[in-house]
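**Q**
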Amino acid sequence: MPMLLRNAEVGPGHHADVRVADGRVVAVGNALMPRRGEEVVDAHGGALLPGLHDHHLHLTALAAAETSVACGPPGVPDAATLGTALRNRAAALPPGAWVRGVGYHESVAGLLDRHRLDAMTGERPVRVQHRSGALWTVNSAAAAMLGLDSDSIDAPPGIERDRAGRSTGRLWRLDGWLRGRLDAVGAVDPEPDLARVGRRLAAYGITGVTDATPDMTPGTLRLLLSAVRDGRLAQRLLLLGVDSLPPGLPTDRVRLGPRKLLPPDHAPWPYDDLLTRIRTARVTGPVVPRPVAVHCVTLEGLVVTVTALREAGVVPGDRIEHAAVAPPALAAQMAALGLRVVTQPGFVAERGDAYRRDADPGDLPYLYPYASLLDAGVRTVSSSDAPFGSPDPWAVLRSARDRQAPDGAPLGPNESVSVSTALAGMLSSPLRPGDAPRSVARGEPADLCLLHAPRAVALEEPSADLVRMTVCEGRIVHA
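In my numbering, the protein residues as written are 32 to 510.
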């Protein structure tokens with residue numbers, strides 16, 4: 032339905048009326064007169080922003096997390112609490128259903144293996160994901176169903192084994208393989224509720240997301256595209272983990288971004304392998320050369336990635352996911368190459384105390400940098416990495432400014448950026464993160480976020496409670 036938003040703050044201190052029709056902003060001006068059949072919304076001077084974009088999350092994992100057992104701090108502080116949570120979920124599920132846990136951290140019960148899980152869970156098949164997303168651990172019942180110790184399966188190297196050759200239950204960076212095995216053995220999981228995820232994101236003012244899931248399975252891709260087609264997901268999607276899209280999709284709703292490359296943290300690819308993968312990615316997808324988005328959470332990984340990109344040749348849009356440890360010398364190299372960085376300042380607020388306790392002391396000054404990357408000339412934006420971080424962008428904005436750990440102690444306060452700076456990154460183009468923010472202007476897509484208050488209030492105290500209405504392609508999806 033056509034819409035007229037009256038008295039909206041479309042820029043700092045600049046108020047105007049905004050007309051929306053056919054999915055676009057068609058007029059911005061003063062004293063625009065309502066037209067027949069037009070819905071009129073009085074903004075009461077509230078800020079009207081372009082819709083926020085989360086530059087790195089995982090949609091189906093976020094949906095699955097909604098029905099999974101929380102297995103880590105702060106709600107689960109110890110092994111006894113974890114065992115109770117897993118057993119309670121098992122008791123509530125039908126026979127044969129798997130228990131799925133997420134968010135585990137070693138501070139709860141050490142490094143999990145199949146035997147530790149057996150002691151907590153018994154015969155019900157259980158899988159628990161580490162909060163880093165790098166590791167799944169299964170109990171013996173699940174290991175047997177998956178055939179981890181069987182000669183009949185083509186076992187990838189990420190299946191960890193003990194000295195006797197028996198699986199420990201730890202599966203490193205094997206999300207796609209695990210999903211395929213679960214399907215093959217008929218494991219019953221609830222279908223991801225993408226409608227609920229779409230509503231949650233819309234309530235935050237998010238109108239677009241970049242799904243950074245690597246090597247997305249055909250089944251996952253079908254789920255996402257179906258949710259886009261039938262409207263359960265109103266947000267625009269940029270996909271990093273697929274090489275092509277089926278014909279007939281609305282190209283302005285679903286697009287391919289840089290190709291995601293995820294070197295396993297526990298066993299990084301050899302340099303020549305990474306170089307080959309970068310060069311192969313360049314020629315995948317409808318537009319070549321295709322940029323890449325390389326996962327880097329260690330100093331060594333970032334050094335190798337920057338070196339490989341320099342040798343392969345950087346193309347516009349190449350980006351580093353996380354850059355979790357990035358000292359000034361590497362920041363300067365990334366800036367010189369024109370690389371972009373998608374960081375997660377929310378992790379400081381959610382995990383900062385664990386980082387101070389567990390991280391290499393030499394890494395701490397350079398952990399999840401933001402201000403220093405911008406100062407070096409690296410186009411840097413924030414994201415949530417949901418479900419491994421909170422999907423609330425307003426919480427991410429606060430963390431980018433405050434740099435406070437859960438215990439209130441500062442972590443890298445020199446890396447603080449203003450809310451305005453972090454918000455500008457969320458308003459930048461999905462394909463060009465870190466470029467100038469999008470604006471509410473004639474001809475632009477009607478992807479909008481209306482706040483209850485002026486921009487100055489939102490910059491002072493960013494909160495999801497400020498979101499009054501979210502519009503995707505001219506359609507109200509939250510109010």
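Idealized CB from N, CA, C, for every residue including glycine.
Taking the C-alpha atoms as reference points, what is the distance between Ala-453 and Leu-428?
**A** Their Cα atoms are separated by approximately 6 Å.
**Q** Cβ of Val-379 within 9 Å of Cβ of Ala-426?
**A** No, Cβ-Cβ distance for Val-379 and Ala-426 is not below 9 Å.
**Q** Kindly list the residues whose CB is nearer than 6 Å to the CB of Pro-156, restricted to its own chain and excluding five residues on each side of it in sequence; keep chain order.
**A** Counting only Cβ-Cβ distances below 6 Å, and skipping sequence neighbours, we find Trp-129, Ala-172, Ala-173 and Met-176.
**Q** Could you tell me the boundaries of the beta strand (DSSP E) in which Thr-374 lies?
**A** Here the beta strand (DSSP E) through Thr-374 covers 371-374.
**Q** Which complete beta strand (DSSP E) runs does the stretch 389-460 hold, if anything under 3 residues is left out?
**A** Complete beta strand (DSSP E) runs here, min 3: 410-413.
**Q** Identify which residue in Pro-396, Val-373 and Val-240 has its Cα closest to the Cα of Ala-265.
**A** Nearest C-alpha to Ala-265: Val-240.
**Q** So, using beta-carbon positions, are Pro-223 and Ala-95 closer together than 9 Å?
**A** The answer is yes: Cβ separation under 9 Å.
**Q** Can the beta-carbon of Leu-35 be found closer than 9 Å to that of Val-59?
**A** No, the pair does not count as a contact, with Cβ atoms beyond the cut-off.
**Q** Return the CA-CA distance between Arg-66 and Asp-73, expressed in angstroms with no decimal places.
**A** So the two alpha carbons sit approximately 15 Å from each other.
**Q** Going straight from the alpha carbon of Ser-138 to that of Ala-123, what length do you get?
**A** So the alpha carbons of these two residues sit roughly 27 Å apart.
**Q** Quick check on the burial criterion: 16 or more other C-beta atoms within 10 angstroms. Buried or exposed for Arg-197?
**A** With fewer than 16 other Cβ atoms within 10 Å, it is exposed.
**Q** For His-161, which beta-bridge partners are listed by DSSP?
**A** According to DSSP, which records beta bridges pairwise, His-161 is partnered with Tyr-135.
**Q** Looking at His-509: is its Cβ nearer than 9 Å to the Cβ of Ala-233?
**A** In this structure, Ala-233 lies closer than 9 Å to His-509 by Cβ.
**Q** What does the Cβ neighbour count give for Val-337, buried or exposed, with the cut at 16 atoms within 10 Å?
**A** With 16 or more other Cβ atoms within 10 Å, it is buried.
**Q** Please classify His-45 as buried or exposed, where buried requires at least 16 other C-beta atoms within 10 Å of its C-beta.
**A** His-45 should be labelled exposed.
**Q** In angstroms, rounded to a whole number, what distance separates the CA positions of Asp-214 and Val-107?
**A** Each residue's alpha carbon lies about 29 Å from the other.
**Q** So which of Ala-78, Asp-53 and His-84 has the shortest CA-CA distance to Glu-69?
**A** Cα-wise, what sits closest to Glu-69 is Asp-53.
**Q** By the three-class DSSP mapping on this structure, what secondary structure does Ser-257 have?
**A** Helix at Ser-257.
**Q** Between the stretch 355-371 and the stretch 400-411, do at least 3 Cβ pairs fall closer than 8 Å?
**A** The stretch 355-371, when compared against the stretch 400-411, does touch it at the 8 Å Cβ threshold.
**Q** Which term fits Pro-317, buried or exposed, when burial requires 16 or more other beta carbons within 10 angstroms of its beta carbon?
**A** Pro-317 is exposed by the Cβ-count criterion.
**Q** Do Ser-459 and Ala-467 have their CB atoms nearer than 9 Å?
**A** Contact: yes.
**Q** Work out the CA separation of Asp-182 and Gly-82 for me, nearest whole Å.
**A** Using only the alpha carbons, I get a separation of about 51 Å.
**Q** For a minimum of 3 consecutive residues, which ranges assigned as the beta strand (DSSP E) are wholly contained in the stretch 256-311?
**A** With a minimum length of 3 residues, the continuous beta strand (DSSP E) runs that stay inside the stretch 256-311 are 267-270, 285-287 and 290-292.
**Q** Let's see if you can read the secondary structure: which residues bound the alpha helix (DSSP H) around His-119?
**A** Per the sequence presented here, residue 119 reads as Asn, with His not at that position. Here the alpha helix (DSSP H) through Asn-119 covers 110-123.
**Q** Between Pro-476, Pro-493, Ser-494 and His-483, which has its C-alpha nearest Glu-504's C-alpha?
**A** That would be Pro-476, whose Cα lies nearest to the Cα of Glu-504.
**Q** Residues in the same chain with beta-carbon distance under 8 Å from Leu-442, minus the five sequence neighbours each way, listed in chain order, please.
**A** Only Val-379, Gly-383, Tyr-386, Arg-387, Leu-395, Leu-398, Arg-434, Gln-435 and Ala-436 meet the Cβ criterion.
**Q** Beta-carbon separation of Gly-250 and Leu-270 under 9 Å?
**A** No.
**Q** To the nearest angstrom, how far is the alpha carbon of Pro-43 from that of Arg-486?
**A** Rounded to whole angstroms, Pro-43 to Arg-486 spans 7 Å at the Cα level.
**Q** If you draw a straight line from the C-alpha of Arg-50 to the C-alpha of Gly-77, how long is it?
**A** Rounded to whole angstroms, Arg-50 to Gly-77 spans 16 Å at the Cα level.
**Q** Over what stretch of residues does the alpha helix (DSSP H) that includes Asp-206 continue unbroken?
**A** Run containing Asp-206: 206-215, per the alpha helix (DSSP H) assignment.
**Q** Count the other C-beta atoms from every protein chain shown that fall within 10 angstroms of the C-beta of Arg-131, then say buried if there are 16 or more, exposed otherwise.
**A** Arg-131 comes out buried.
**Q** Rounded to whole angstroms, what is the Cα-Cα separation between Asp-423 and Leu-209?
**A** Taking the straight line from one Cα to the other gives about 28 Å.
**Q** Alpha carbon to alpha carbon, how far is Leu-166 from Leu-370?
**A** Going from the Cα of Leu-166 to the Cα of Leu-370 covers about 28 Å.
**Q** May I ask you to report which of helix, strand or coil DSSP gives Ala-140?
**A** Three-state result, Ala-140: helix.
**Q** With H, G and I counted as helix, E and B as strand and the rest as coil, what does DSSP make of Met-247?
**A** Coil at Met-247, not helix or strand.
**Q** With DSSP run on the structure shown, which of helix, strand or coil describes Val-337?
**A** If DSSP states are grouped into helix, strand and coil, Val-337 belongs with the helices.
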